[in-house]
Amino acid sequence: MNAHWRAPETDVATSLAVEFRGTGREYFRVWIVNATLIVLTLGLYGPWAKVRTRRYFYGNTVLAGHSFDYHGAPLRILLGRAIVAALAVAGVIAAGIGPWAQGAWTLAAVAAFPWLVLQTLRFNARNTSWRGVRFNLFATWREAVIACLVWPLAGALTLFLIPLARRAWDGLRIDHLSFDGRRFRTDYSQTRMFAIFATGFVLIVGVLVVMIGATMGVLLVTTRMHDMVKSFIIPIDPSDFGQVFTLLFGTCAFFIAIFVLQMANNLTLSSTTIEGGHRIVSRASPWRVAGIVMGNVVLTGLTLGLYWPFAKVRLARYRMQRCEVIAMGDVDDFVAEALEMQSTVGRELGRTWEFGL
Amino acid sequence: MSALGRYFAPNEARFVPARATVVPKRVLRIETDDGVVLSEGPARGMRASPRLASLTRRIALPDGARFETEDNDGVDALLWKLWRLPRGKLTARLERAWPVVAAVLVASLAAGYLLAVRTAPAATERLAKVTLSAMAHPMSEQALLALDRYALWPTGLSAAEQARANALFAQVAAHGKGGVGAYRLVLRGGWRIGPSAFALPDGTVVVTDKLWTQLRDDDEAAGVFAREISHVDHAHQLQRVYQVALWPAAVATLTGDISRMSEMAANLPGLIAQSPVPAGFERQADDDAATALRAMGRKPSHLAALLERLARATCSGKFCPMNWAGTDAVARAARLRAQDVGVIADACTGGWQGRLTLRCLGLAR
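Those protein sequence lines, which keep their order, are chains A and B. Per the working numbering: the first sequence = residues 1 to 357. Per the working numbering: the second sequence = residues 1001 to 1365.
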């Protein structure tokens, strides 16, 4: 992995700001057209809608004055979805045939899952460009199996291995990514990732303890009040107590999950370098991101989904404005070199089976 | 017509401010403000990115160079002049007319809702009513055989009790749409099915011993029979089968494919034993039963009392397991009581879907 890694070429560092120029109002129009066409075509327009959405978000993400671009072909995404649908239909048929067929299908589906993930990651990378230079992803099915099946399974079974599963996932999507020839690499201390997930675990347990304590306290106080003043009525029906508890705990857990994931994202991104010495920095506040997401969920619910496009733009804008790229040396030269390499090597041929989801 | 933008030479990261125009013979020319031609060539091999909101448009030229501009209208005009269809123009128009698009979306969702909530049930009702009696009988026989094997046993009622039940049933059947000969009463002991009664598509009404012994008078028994006869008249069981498999049912009805019908009939015992009767069917049966009871000089409130009693016996707090009284039994009982004098109570009760009718909203009588 990264056998051709090169040392930084120059010590002159320049900070390149990342910004998101899209607006909720503008994206709302794109979104409403997408939603309408998806409904009218009974879902068939989905791939086209996906491409338009990605183009909008990539096209409005600007680094050093130049926007990203997305070139995915909707028909390729349709092909990917048809493959998944065929797999699902095969599952139904296999279930009707018998247990052995169902077992064979399960094995095939398990093997296909990392392949599908890899194909999607590769498709997205190859169809993303900045200043005319395309990204690429060079990972193998075996590496995808390890990142998408082995580590997640180990993480789910043991819980304390989740940070390692995250490391494997970062390795798959970042360490194999290239900016046409220039490889990306993310390198962070496992201890820090463990510390992030441990923080999340402590927060969840803390919230649980506080909530159980508060619940018992409320029950105790209200029961005593009821004993003292018979006319006092316990404000919550005891049969609804479990639901209220689950709702409150679920909300807190969701908030903590976003908080932890943003901390992990910050660590991953801020530990990512691009061959040539360029480095990414993400300083998005996990509290702020969690707050924005919670606010977005509430407003989207209150507006029956109409706030969704504004929510998406709001989150993207905050995350992007807290990102920057520390470039070592002249970026124009870097891009020119990548363009040269791109035209020399040429785009990889034989992409008949390339597809996205 | 021209578009101002930036020209990137092949493999070049730096750009030159430039202007794109179309010159005669459908040739795209890119030149600087000073008139220096940077690139010139036919449209063949050229690729322009589709229009989307106010995103920068990119024209990739065959030699690897590219031209970028924010002038969307300018690019579209250039493409027309080059006899190339600008992609994304239709969606751009739709985006501009977004209130209309939003209205279409709302209308489509409403149409989809109506299709699912109104049209599909109407289709199943129509299908159920046109189902040949030749199909209904084998379906019913098959369902009863399956229930006898797994959930019912022969009745333990005395011959006198059975005779009383049959006599009363005949009186009620006379008020059914099919008349006396169209229905038959089958009494069964319950094994896995408790106090219950259900109707089969061919007019068979099954009543379990456990229900019969809980009936306090003939008015209640007549109410039970009248409700089940209403289920037969409206082909409710067939509708439930067809709701599970609407398209196969439509094909089978059109082709008269009895073998396929019998495949679908396999769902019937499961539906009877495990799935609650839809609230709409229950209310329809209540109304018909009330009409029949009044015609016989009996009071629907007796049936209401039975519904309440069964609901009380089986429900624990908010949890109400499936029973013959059906869903929302207490509210339905109140509605039945009001029908003692032939007045149909306000039907605008239950879930929000039930209230969303023109009558409940006060827009129609």
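Glycine residues also receive a C-beta, built at the ideal position from the N, C-alpha and C atoms. Fair warning: this is a prediction, and the values are worked out from it, not measured in the lab.
**OP:** Between the Cα of residue 1108/B and those of 76/A, 37/A and 221/A, spot the shortest distance and give me the residue it belongs to.
**Re:** The sequence position of residue 1108/B within the second sequence is 108, counting from 1. Minimum Cα distance to residue 1108/B is reached at 37/A.
Original post:
By DSSP, does residue 163/A sit in helix, in strand, or in coil?
Top reply: Start at 1 with the first residue of the first sequence, and residue 163/A comes out as number 163. Helix at residue 163/A.
Original post:
Since residue 328/A sits in a beta bridge, which residues does DSSP pair it with?
Top reply: By one-based count along the first sequence, residue 328/A stands at place 328. Bridge pairing for residue 328/A: 13/A [DSSP].
Original post:
Which term fits residue 14/A, buried or exposed, when burial requires 16 or more other beta carbons within 10 angstroms of its beta carbon?
Top reply: What you label residue 14/A is simply residue 14 of the first sequence in a count that begins at 1. Residue 14/A sits exposed, since fewer than 16 C-beta atoms from the chains shown fall within 10 Å of its C-beta.
Original post:
What are the start and end residues of the alpha helix (DSSP H) that includes residue 292/A?
Top reply: As a first step, residue 292/A must be located in the first sequence, where it is residue number 292. Here the alpha helix (DSSP H) through residue 292/A covers 286-302.
Subject >> Partners in chain B for residue 26/A, counting only beta-carbon separations shorter than 8 Å >> reply: Sequence index remark: in the first sequence, residue 26/A carries index 26 (1-based). Here the neighbours are 1053 and 1054.
Original post:
Counting contacts by CB-CB distance shorter than 8 Å, is residue 1105/B in contact with chain A?
Top reply: Translated into the one-based positions of the second sequence, residue 1105/B becomes position 105. Yes, contact with chain A.
**OP:** Kindly list the residues whose CB is nearer than 7 Å to the CB of residue 117/A, restricted to its own chain and excluding five residues on each side of it in sequence; keep chain order.
**Re:** To locate residue 117/A, count along the first sequence from 1; it is residue 117. For residue 117/A, where only same-chain residues beyond five positions count, the Cβ hits under 7 Å are 144 and 148.
**OP:** Would you identify the three-state DSSP class for residue 132/A, choosing helix, strand or coil?
**Re:** Against the first sequence, residue 132/A aligns to sequence position 132. DSSP places residue 132/A in the coil class of the three-state scheme, outside both helix and strand.
Original post:
Below 8 Å between beta carbons: does that hold for residue 325/A and residue 18/A?
Top reply: Start at 1 with the first residue of the first sequence, and residue 325/A comes out as number 325. Start at 1 with the first residue of the first sequence, and residue 18/A comes out as number 18. Yes.
**OP:** Mind checking the region 1083-1108 of chain B against chain A and listing, in chain order, the residues whose C-beta falls within less than 7 Å of any C-beta there?
**Re:** For the region 1083-1108 of chain B, which is checked against every Cβ of chain A, the residues closer than 7 Å are 1091, 1094, 1095, 1098, 1101, 1102, 1104, 1105 and 1108.
Original post:
Among all the DSSP beta bridges, which residues are the ones paired with residue 1042/B?
Top reply: As a first step, residue 1042/B must be located in the second sequence, where it is residue number 42. The partner list for residue 1042/B (beta bridge, DSSP) reads 1027/B.
Subject >> residue 1302/B (DSSP reduced to helix, strand or coil) >> reply: In the second sequence, counting from the first residue as 1, residue 1302/B sits at position 302. Residue 1302/B falls in the helix class under three-state DSSP.
Subject >> Which of helix, strand or coil DSSP assigns to residue 1343/B >> reply: Sequence index remark: in the second sequence, residue 1343/B carries index 343 (1-based). Here residue 1343/B scores only 45 on pLDDT, less than 50, and its place in the model is too uncertain to base an answer on.
Original post:
Under 8 Å between C-beta atoms, does residue 29/A make it to chain B?
Top reply: Taking the first residue of the first sequence as position 1, residue 29/A is located at position 29. Residue 29/A counts as touching chain B.
**OP:** Report the partner residues of residue 323/A according to the DSSP bridge assignment.
**Re:** Numbered from its first residue, the first sequence carries residue 323/A at position 323. 282/A.
**OP:** For my contact list, residue 314/A and residue 24/A are in at a C-beta cut-off of 8 Å; report their separation, rounded to the angstrom.
**Re:** In the first sequence, the residue the question calls residue 314/A occupies position 314. In the first sequence, the residue the question calls residue 24/A occupies position 24. With a contact defined as Cβ atoms closer than 8 Å, residue 314/A and residue 24/A qualify at about 7 Å.
Original post:
Shortest alpha-carbon distance to residue 198/A belongs to which of 133/A, 256/A and 329/A?
Top reply: In the first sequence, the residue the question calls residue 198/A occupies position 198. Closest by alpha carbon: 256/A.
Original post:
Just how far apart, CA to CA, sit residue 111/A and residue 169/A?
Top reply: Reading the first sequence from its first residue, position 111 is the one you call residue 111/A. Reading the first sequence from its first residue, position 169 is the one you call residue 169/A. If you take the alpha carbons of residue 111/A and residue 169/A, they lie about 17 Å apart.
Original post:
Where does residue 1190/B fall in DSSP's three states?
Top reply: The count along the second sequence starts at 1 and reaches residue 1190/B at position 190. Three-state result, residue 1190/B: strand.
Subject >> Cβ-Cβ distance between residue 971/B and residue 1182/B below 8 Å >> reply: Residue 971/B is absent from the structure shown; chain B starts at 1001 and stops at 1365.
Original post:
Is the Cβ-Cβ distance between residue 60/A and residue 20/A less than 8 Å?
Top reply: Position 60 of the first sequence holds residue 60/A. Position 20 of the first sequence holds residue 20/A. The beta carbons of residue 60/A and residue 20/A sit closer together than 8 Å.
Subject >> Cα-Cα separation between residue 1303/B and residue 1220/B, rounded to whole angstroms >> reply: Numbered from its first residue, the second sequence carries residue 1303/B at position 303. Numbered from its first residue, the second sequence carries residue 1220/B at position 220. The alpha-carbon separation between residue 1303/B and residue 1220/B amounts to approximately 5 Å.
Original post:
Quick one: is residue 18/A near chain B, going by C-beta distance under 8 Å?
Top reply: To locate residue 18/A, count along the first sequence from 1; it is residue 18. For residue 18/A, not one C-beta of chain B is nearer than 8 Å to its own C-beta.
Original post:
Since residue 1008/B meets chain A, which of its residues come closer than 7 Å, beta carbon to beta carbon?
Top reply: Residue numbering aside, residue 1008/B sits at position 8 when the second sequence is read from its first letter. Neighbours of residue 1008/B in chain A, taken as residues whose beta carbon is under 7 Å from its own, are 132 in chain order.
Original post:
Nearest chain A C-beta to residue 1012/B closer than 8 Å, yes or no?
Top reply: On the second sequence, position 12 is the one that residue 1012/B refers to. Yes - at least one Cβ of chain A is within 8 Å of the one on residue 1012/B.
Subject >> Against chain A: residues of the region 1060-1071 of chain B by CB proximity under 7 Å >> reply: If the cut-off is 7 Å between Cβ atoms, the region 1060-1071 of chain B has 1064 and 1066 near chain A.
**OP:** Name, please, each residue of chain A whose Cβ falls closer than 7 Å to the Cβ of residue 1294/B.
**Re:** One-based indexing of the second sequence puts residue 1294/B at position 294. Going along chain A, no residue has its Cβ under 7 Å from residue 1294/B, so there is no contact; the nearest lies around 40 Å.
Original post:
Any beta-carbon of chain B closer than 8 Å to the one on residue 340/A?
Top reply: Here residue 340/A corresponds to residue number 340 of the first sequence, with the count starting at 1. Under the 8 Å criterion on CB atoms, residue 340/A is classed as interfacial with respect to chain B.
**OP:** For residue 44/A, decide whether its Cβ has a neighbour in chain B, counting only Cβ atoms nearer than 8 Å.
**Re:** By 1-based counting over the first sequence, the position of residue 44/A is 44. So no, residue 44/A is outside the interface.
Original post:
Per DSSP, residue 1153/B forms a beta bridge with which residues?
Top reply: The sequence position of residue 1153/B within the second sequence is 153, counting from 1. 1189/B.
**OP:** Please list, in chain order, all residues of the same chain as residue 125/A whose beta carbon is under 7 Å from its beta carbon, the five residues on each side excluded.
**Re:** Position 125 of the first sequence holds residue 125/A. Taken in chain order, the residues that qualify are 135, 136, 137 and 177.
Original post:
residue 1161/B lies in the alpha helix (DSSP H); which residues open and close that run?
Top reply: Here residue 1161/B corresponds to residue number 161 of the second sequence, with the count starting at 1. Annotation for residue 1161/B: the continuous alpha helix (DSSP H) segment containing it runs 1159-1173.
Subject >> Simplified DSSP assignment, three categories, for residue 1072/B >> reply: To locate residue 1072/B, count along the second sequence from 1; it is residue 72. Here residue 1072/B sits in helix by DSSP.
**OP:** Along the beta strand (DSSP E) that carries residue 1088/B, what are the first and last residues, could you check?
**Re:** Against the second sequence, residue 1088/B aligns to sequence position 88. Boundaries cannot be given for residue 1088/B, as no beta strand (DSSP E) includes it and DSSP labels it neither H nor E.
Original post:
Do we get a CB-CB distance below 8 Å when we pair residue 40/A with the residues of chain B?
Top reply: In the first sequence, residue 40/A corresponds to position 40, counting from 1. Chain B contact via Cβ: present.
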